[in-house]
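Peer 1: This is the structure I have questions about; it appears just below.
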Amino acid sequence: MSLQTIQRTAVKSWLLAVRLPLSAAEVVVGKQGAQWPPALAFEGFEASVKRNLGHLLGDSQLVQEGTLGQGKVEQLLRATELEEAAERRRVEGEARLAERHETAEEANRLIERRQEEREAQVQQDQAQREQAVEVKARRKEEAARAADQSRQEAVAAQERQARATRLDSEANALRHEREAVEAKREVVEVDQALEATKAARKKRS
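Each residue of the sequence shown is one higher than the last, beginning at 7 in the numbering used here.
Set out below in structure tokens:
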């Protein structure tokens, strides 16, 4: 076995020993695969060690393995970055969509609120118009009732005046009648006195 083979085996064994804690952690946390960030970091470290020690030891195979490993790590990093960028775009898209939905819902709520306000204003205006009509009708009714009462009072006053005039006329007529009766009685009494005087004269003759 050549010296390079022994050295290469020693490097790989050392790398395996260094990776043991990470392998144990992968089992514990259930993360396996090169895309797990700690594993990906170790892949980059391992590739760098192989390439640097390969150059130092003159082992082209280690250099090649390190170069291939570094290329794999770079590809995985790019893939991870692309996945992260896609995830960010997805999250941003969902956020924008949610914001648009929120904006649309807010606009709908605003439209509904304005519609409710318009309906409330229409109802308020209608109630005010009905109240104004009721007040106007009540005032007309009160005015008609007051006018009717005034007419009734005027008729009653006229009737009282007519009754008073009639009573005055009747009283005057009655007074005239009494005066006529009195005058007639006085005439009768004068006639009777004259007749008595004539009769007395005849007796004396």
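Quick reminder that beta carbons are idealized off the backbone N, C-alpha and C, glycines included. Note that this is a predicted model, so its numbers are computed, not measured.
Could you give the DSSP three-state label for Gly60: helix, strand or coil?
Peer 2: What you label residue 60 is simply residue 54 of the sequence shown in a count that begins at 1. Reduced to three states, the DSSP call for Gly60 is helix.
Peer 1: Evaluate Gly64 with the Cβ neighbour count: other Cβ atoms within 10 Å of its Cβ, from every protein chain shown; 16 or more gives buried, anything less gives exposed.
Peer 2: Along the sequence shown, read from residue 1 onward, the residue named residue 64 stands at position 58. Exposed.
Peer 1: Smallest Cα separation from Leu59: which of Ala113, Ser29, Gly72, Gly50?
Peer 2: Position 53 of the sequence shown holds residue 59. Residue Gly72 is the option with its Cα nearest to Leu59.
Peer 1: If I'm right that Lys56 touches Val97 with Cβ under 8 Å, what's the distance once you round it to whole angstroms?
Peer 2: Stepping through the sequence shown from its first residue, residue 56 is reached at position 50. Stepping through the sequence shown from its first residue, residue 97 is reached at position 91. Wrong, their Cβ atoms sit about 37 Å apart, outside the cutoff.
Peer 1: What is the DSSP secondary structure of Trp42, counted as helix, strand or coil?
Peer 2: The residue given as residue 42 occupies position 36 in the sequence shown. Three-state DSSP puts Trp42 in coil, outside helix and strand.
Peer 1: What residue range does the alpha helix (DSSP H) around Ser175 cover?
Peer 2: Taking the sequence shown and counting its residues from 1, one reaches residue 175 at position 169. Residues 66-210.
Peer 1: Determine the DSSP secondary structure at Ser19, reduced to helix, strand or coil.
Peer 2: Against the sequence shown, residue 19 aligns to sequence position 13. Note: Ser19 maps to helix in three-state DSSP.
Peer 1: Given a cut-off of 7 Å on the beta-carbon distance, is the pair Leu21 and Glu49 in contact?
Peer 2: The sequence position of residue 21 within the sequence shown is 15, counting from 1. The sequence position of residue 49 within the sequence shown is 43, counting from 1. No.
Peer 1: With distances taken from CA atoms, which of Leu74, Val187, Gln67, Pro44 is nearest Arg14?
Peer 2: Position 8 of the sequence shown, counted from the first residue, corresponds to residue 14. Answer by Cα proximity: Gln67.
Peer 1: If we ignore side chains and look at the alpha-carbon of each, how far apart do Ala31 and Ala113 end up?
Peer 2: Start at 1 with the first residue of the sequence shown, and residue 31 comes out as number 25. Start at 1 with the first residue of the sequence shown, and residue 113 comes out as number 107. Spanning the two alpha carbons is a distance of roughly 51 Å.
Peer 1: Tell me whether Ser8 sits in a helix, a strand or coil according to DSSP, three-state version.
Peer 2: If you number the sequence shown from 1, residue 8 lands on position 2. The answer is coil: DSSP assigns Ser8 none of H, G, I, E or B.
Peer 1: Out of Glu185, Gly99, Leu46, Thr109, which one is the CA nearest neighbour of Arg84?
Peer 2: To locate residue 84, count along the sequence shown from 1; it is residue 78. Cα-wise, what sits closest to Arg84 is Leu46.
Peer 1: For Val33 and Arg25, what's the separation of their Cα atoms in angstroms?
Peer 2: Within the sequence shown, residue 33 is the residue found at index 27, counting from 1. Within the sequence shown, residue 25 is the residue found at index 19, counting from 1. In a straight line, the C-alpha of Val33 is about 13 Å away from that of Arg25.
Peer 1: Within a Cβ cutoff of 6 Å, which residues of the same chain sit near Gln76, ignoring the five residues on either side of it in sequence?
Peer 2: Counting from 1 along the sequence shown, the entry for residue 76 is found at position 70. Only Ala53 meet the Cβ criterion.
Peer 1: Mind checking Val79: buried by the 16 CB within 10 Å criterion, or exposed?
Peer 2: Here residue 79 corresponds to residue number 73 of the sequence shown, with the count starting at 1. So Val79 counts as buried.
Peer 1: Please report the straight-line C-alpha distance between Leu74 and Glu111, rounded to a whole angstrom.
Peer 2: Taking the first residue of the sequence shown as 1, we reach residue 74 at position 68. Taking the first residue of the sequence shown as 1, we reach residue 111 at position 105. In a straight line, the C-alpha of Leu74 is about 54 Å away from that of Glu111.
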